[in-house]
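Take the sequence shown: its position 104, counted from the start at 1, is 202 in my numbering, and no numbers get skipped.
Glycine residues also receive a C-beta, built at the ideal position from the N, C-alpha and C atoms.
Okay, structure first, notes after.
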Amino acid sequence: MRKAFDYARRTALAGAFVLAGAAGAQASDLRVANARLSLLPGATPGAGYFDIVNEGASPITLTGAESEAFEAVEMHESSEHDGMAHMHGVDSIEIGPGETFSFAPRGHHLMFMGRLAPLAEGDEVEVTLDIDGEPLPVTFEVVSPVSL
Ligand SMILES: [Cu+2]
99 MRKAFDYARR TALAGAFVLA GAAGAQASDL RVANARLSLL PGATPGAGYF
149 DIVNEGASPI TLTGAESEAF EAVEMHESSE HDGMAHMHGV DSIEIGPGET
199 FSFAPRGHHL MFMGRLAPLA EGDEVEVTLD IDGEPLPVTF EVVSPVSL
């Protein structure tokens, strides 16, 4: 039987980080652009999209995200099989030196589950990306799904 949602089992965020050693990237080597959070009305999860640019000389690894505005934030990848859309959890994403990785509709996205307060189009949501064991704060703008 096909499962439409196959969320990765994730250990608690706080315990999951292992420093990447001396080669770990500095936050100044990273740039995040186009951070936006698509929200449908009601209690459905939101989807987060952004571009992350590794301007450093070492690879970086994105291992998750969290936000005080949601109970949980997961990294997902969308795919299509037999004409049906699916998504599954992703534990980590490595971005090589000089590379840009895009979270984009029908591809990788952040899934924001369990909204803790009302949010409207144009609001800003603080999200912390976990990169090589270091927190990287990013501001996401709430957008309408039809604007994507
Ligand atoms: Cu998802």
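Check	Outcome
Near ligand 1: residue 172 beta-carbon under 8 Å from a heavy atom	yes
Unbroken beta strand (DSSP E) run spanning residue 170, endpoints	168–179
Contact set for residue 119: own chain, Cβ-Cβ below 8 Å, skip 5 residues either direction	Low confidence applies to residue 119: its pLDDT is 40, below 50, so where it sits in the model is not reliable, and the reading given next is rough at best. Closer than 8 Å at Cβ, skipping near neighbours: no residue.
Short Cβ contact (9 Å threshold) for residue 242 with residue 137	yes
Cβ-heavy atom distance, residue 179 to ligand 1, below 8 Å	no
Sub-9 Å separation of residue 145 and residue 203 beta-carbons	yes
Residue 176 Cβ short of 8 Å to ligand 1 heavy atom set	yes
Sub-9 Å separation of residue 128 and residue 229 beta-carbons	yes
Cutoff 8 Å; reference residue 166; Cβ partners in own chain excluding five residues on either side	214, 224
Exposed unless 16 or more other CB atoms sit within 10 angstroms - verdict on residue 222	exposed
Neighbour-count burial assignment, residue 185, 16 or more Cβ in a 10 Å radius	buried
Chain-order list of residues whose beta-carbon lies under 7 Å from that of residue 168 (same chain, five-residue window excluded)	210, 211, 212, 213, 214
Residues of its chain near residue 171, where Cβ-Cβ distance is below 6 Å and the 5 sequence neighbours each way are ignored	163, 164, 165, 208, 210
Between the CA atoms of residue 195 and residue 189 - distance to the nearest angstrom	20 Å
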